[in-house]
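Note that our numbering has the sequence shown beginning at 8, numbered continuously upward.
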Amino acid sequence: MEKVAIVTGSSSGIGFETSLALAREGYFTYATMRDTTKSNKIKEIAQKENLKINVLELDVDDEKSVKSAIAQILDQKQRIDVLVNNAGWGLWGCVEDVSVDEFKEQFETNFFSIIRLIQEVAPTMRKQSSGTIVNVSSVVGRIGFPASPAYISSKFALEGLSES
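Next up, the structure:
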């Protein structure tokens, strides 16, 4: 039985490398990203190495996009074995310089999107009696430092969610 992995934020960095690593381990990997025009490099590597990677558009901040992508994956593969919640970004600035709306945007991607994805994937994993969810966080989710309260607090929240 072919194992299926989903990685968010796969256009660069940790998500890009994680998608390749999972595919190299034999997983059929859905490398998801908001902007699929950034997928050329991962597609080239997948083709060169004969890896099973499917680039899929997914905006983690958009509930309809999440539901649609997960439904498409389940329609194609009927299972999900690994979910890597990697999509995220950092907002820097002192608390008095960052608006409440900017805090909300930071939390939308770095925290609430992860809840959204877990809620879509967990029922399938429970039904399968197997599955792994990995939430990519940051050391600043454990140890804060000045001038990045929105990012740090979103990662502290993610740490709490992951431990619950």
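Glycine included, every Cβ here is placed at the ideal spot set by N, Cα and C.
Below 8 Å on the Cβ atoms is my guess for residue i versus residue j; work out the distance and round it to an integer in Å.
i: N93; j: I49; result: Incorrect: roughly 13 Å between the Cβ atoms, too far for contact.
i: S18; j: I60; result: Their Cβ separation, rounded to whole angstroms, is 13 Å, which puts S18 and I60 out of contact at 8 Å.
i: S144; j: S171; result: Not confirmed; about 14 Å, so no contact.
Determine the closest residue to residue i out of the options, with distance taken between C-alpha atoms.
i: V105; options: E166, E9, S160, R41; result: S160
i: L65; options: T116, K55, A53; result: T116
i: V67; options: A164, F163, I125, K55; result: I125
i: L90; options: V102, P153, R123, K55; result: R123
i: W99; options: L168, A78, T25, G151; result: G151
i: S214; options: I52, M8, D88, D42; result: Since the first residue of the chain shown is 8 and the last is 171, residue 214 is not available in this structure.
i: F119; options: E70, S136, F35; result: E70
i: G33; options: G95, D88, K134, L81; result: D88
i: L81; options: K45, M132, R31, G97; result: M132
i: I77; options: Q54, I52, E51, T36; result: T36
i: K45; options: A30, G95, E9, V62; result: V62
i: R86; options: E170, L165, G167, K10; result: K10
i: V183; options: Q135, L165, K134, S137; result: Since the first and last residues shown for the chain are 8 and 171, residue 183 lies out of range.
i: E56; options: L29, E109, S137; result: L29
i: D108; options: N47, F163, A157, E24; result: A157
Where do the N-terminal and C-terminal ends of the beta strand (DSSP E) with residue i fall, by residue?
i: E64; result: 60-64
i: F35; result: 35-40
i: L90; result: 89-92
i: V11; result: 11-14
By a C-beta neighbour count over all protein chains shown, 10 Å radius and 16 as the cutoff for buried, is residue i buried or exposed?
i: I13; result: buried
i: T139; result: exposed
i: G16; result: buried
i: P130; result: exposed
i: Q113; result: buried
i: T39; result: buried
i: K111; result: exposed
i: G167; result: exposed
In the DSSP assignment, the alpha helix (DSSP H) including residue i goes from what residue to what residue?
i: N57; result: Looking at the DSSP string, N57 is not in any alpha helix (DSSP H), and its letter there is neither H nor E.
i: S26; result: 20-31
*With a floor of 3 residues, list each beta strand (DSSP E) that falls wholly inside the stretch 73-155, ordered by position along the chain.*
89-92, 139-142
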